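> The opening residue of the sequence shown carries number 1 in the UniProt record's numbering; numbering runs sequentially from there.
I am attaching a structure below and will ask some questions about it afterwards.
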Amino acid sequence: MREIPQVEELGHGVWSLPVPIPGSPLGFTYVYLVSGDDGAVLVDTGWNHDETWETLVRSVEQTGHRIEDVRGAVLTHFHPDHAGLAGRLRAASGAWIAMHPADIAVTERLAASPAPDRLATMAEQLRRAGFPEEDLAAFAEQTDLSTNTTVPDRPLADGDTVDLAGRRLRAVWTPGHSPGHLCLHLDDADVFFTGDHVLPRITPHVGQFPLLSTDGDPLGAFLTAQADVGRMPGSDRLLCLPSHEHRFTGLTQRTEAIVTHHEDRLDEMAELLRREGRATLWQVTSGLTWRRPWADMRVRARHMAAAETVAHLRLLEERGRAARTGTADLPLWSATTADVPAQDPSNTPGPPSAPTPTAE
1 MREIPQVEEL GHGVWSLPVP IPGSPLGFTY VYLVSGDDGA VLVDTGWNHD
51 ETWETLVRSV EQTGHRIEDV RGAVLTHFHP DHAGLAGRLR AASGAWIAMH
101 PADIAVTERL AASPAPDRLA TMAEQLRRAG FPEEDLAAFA EQTDLSTNTT
151 VPDRPLADGD TVDLAGRRLR AVWTPGHSPG HLCLHLDDAD VFFTGDHVLP
201 RITPHVGQFP LLSTDGDPLG AFLTAQADVG RMPGSDRLLC LPSHEHRFTG
251 LTQRTEAIVT HHEDRLDEMA ELLRREGRAT LWQVTSGLTW RRPWADMRVR
301 ARHMAAAETV AHLRLLEERG RAARTGTADL PLWSATTADV PAQDPSNTPG
351 PPSAPTPTAE
């Protein structure tokens, strides 16, 4: 597990509070504390685990506050390494919990759906995607969906500001990594909380959920939001505070690099479809290049890879470069004629020439 950094004061009344994600290669999530005239607000809360909670409580105390005095928490999105401790924080301090309405809707659905039902639905989606039976069995063994879900009590839409006296913390809606992902701009300082929307080194995961849904275009929304963030006035003077890795500057350059990565990935996928013809989601996903060889991936990682792949396929469909065919039980994807390069007439082969005579 990665070594967790120390609590650090970053200036402008902002502190970074790294809290562990037990058992995860990510190692930790950065929770941020913003001080105001009447208390403090957290940006995210961390994973729902005793070790994480104890670390958060100690870290808040190092800033001169107490956990009981935290007025509220803004959740960048609903994922458990960000929202997991929201319920414990609310119980300890009476804090309000804010999130974008789109992610509040997700948490409401998760809270109403028993974990076994959700697991069965996900496994059925993998079966329809063409995953082999051994992967389906392993998926059930390796997947734990029992994380408690806390439904936030304050919707925070694009442009809304957080209730914190003397400060102006403004929500910037950046969908893609989740439907309601939020970045936060501290308008009274050049500070920008990027959540998982912009990370300094790795590319944020953008997947289609449910896996085979035809609703929405998460990658298209993500790329638009990347460009929008990169074009914000004064973006390159902002101190960017992500949820993982390390703080950074040069927001425009980083958003451009992320967009370029995904455009290259779209081209790779389109080329695979041209080469393979009609293919299942399994065939497309397993045929792509990944940081870790496909054969070495655990099935939970394969599921995430498939979700990312189908988000790219969805955008290829939107751009007219791919078509979804097959059946509802086994969808297939293929390149469209619009994405097949036209042949140069000058390179069209003519009739075969006579063989050149050779000396006996």
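No residue lacks a Cβ here, since even glycine has one placed at the ideal position from N, Cα and C.
Remember, predicted model here, so these are calculated numbers, not experimental data.
Suppose you measure from the CA of Pro355 to the CA of Gln208; what does that come to, to the nearest Å?
At Pro355 the pLDDT is 30, less than 50, meaning the model places this residue with poor confidence and gives no usable figure here.
> Measure from the alpha carbon of Leu164 to the alpha carbon of each residue in Arg88, Gly64, Asp37, then state which is nearest.
Asp37
> Rounded to the nearest angstrom, what separates Glu9 and Arg127 at their Cα positions?
49 Å
> For Ser16, list the residues DSSP reports as bridge partners.
Glu8, Tyr32
> What first and last residue would you give for the beta strand (DSSP E) that runs through Arg324?
322–326
> Please identify the residue among Asp158, Gly72, Arg298, His100 whose C-alpha is closest to the C-alpha of Ala91.
Gly72
> Which residue marks the beginning of the alpha helix (DSSP H) containing Met122, and which one marks its end?
115–128
> For a minimum of 3 consecutive residues, which ranges assigned as the beta strand (DSSP E) are wholly contained in the stretch 226–289?
239–242
> Nearest-angstrom Cα distance between Met99 and Thr174?
12 Å
> Among the residues of its own chain, which have a CB less than 7 Å from the CB of Pro18, if the five just before and after it don't count?
Ile4, Pro5, Phe28, Tyr30
> By Cβ distance below 7 Å, which residues in the same chain neighbour Leu266 in space, the five residues on each side in sequence not counted?
Within the same chain, and ignoring the five residues on either side of Leu266 in sequence, the residues whose Cβ sits closer than 7 Å to its Cβ are His312, Leu315, Leu316.
> Nearest to Glu271 by alpha carbon, out of Trp333, Thr107, Thr255, Thr260?
With distances taken between Cα atoms, Glu271 lies closest to Trp333.
> Between which residues of its own chain and Asp329 is the CB-CB distance below 8 Å, once the five residues before and five after are set aside?
A distance below 8 Å between beta-carbons, with the five flanking residues on each side excluded, links Asp329 to the following residues of its chain, in chain order: Arg128.
> Just to confirm the assignment, what range does the beta strand (DSSP E) spanning Ile97 have?
Segment 96–99, the beta strand (DSSP E) holding Ile97.
> Ordered along the chain, which non-local residues of its own chain (more than five positions away) have a Cβ less than 8 Å from that of Ser353?
Here Ser353 scores only 32 on pLDDT, less than 50, and its place in the model is too uncertain to base an answer on.
> Do the CB positions of Ala306 and Thr285 come within less than 8 Å of each other?
Contact flag set, yes.
> Using only CA atoms, which one of His12, Val310, Gly195, Asp160 lies nearest to Asp215?
Of His12, Val310, Gly195, Asp160, the residue nearest in Cα terms is Val310.
> Confirm, please, whether the CB-CB distance from Ala171 to Asp190 is below 8 Å.
no
> Determine, using beta carbons only, whether Asp236 and Gly250 come nearer to each other than 8 Å.
yes
> Do you know offhand how far Val41's Cα is from Pro20's?
20 Å
> Since Arg170 sits in a beta bridge, which residues does DSSP pair it with?
Per DSSP, Thr161, His185.
> What do you get for Arg88, buried or exposed, if any count of 16 or more other CB atoms within 10 angstroms of its CB means buried?
buried
> Look at the Cβ atom of Phe192, then the Cβ atom of Leu238, and state whether they are nearer than 8 Å.
yes
> Once the 5 residues before and after Ala221 are set aside, which same chain residues still bring their CB inside 6 Å of it?
Cβ neighbours of Ala221 beyond the five flanking positions: Pro175, Gly176.
> Checking 8 Å against the spacing of the C-beta atoms, do Ala322 and Ala301 come in under that value?
Ala301 sits away from Ala322, with the two beta carbons spaced by 8 Å or more.
> Report the CB separation of residue 361 from Thr149 in whole angstroms; it is logged as a contact under 8 Å.
Nothing in the structure corresponds to residue 361, since the chain is present only between 1 and 360.
> Can you check DSSP and say which residues form a bridge with Ser334?
Per DSSP, Ala323.
> Within its chain, find whatever has a CB closer than 7 Å to the CB of Asp187; leave out the 5 residues flanking it on each side and keep chain order.
Cβ-Cβ distances below 7 Å link Asp187 to Arg168, Arg170 in the same chain, with the five nearest sequence neighbours on each side left out; the list follows chain order.
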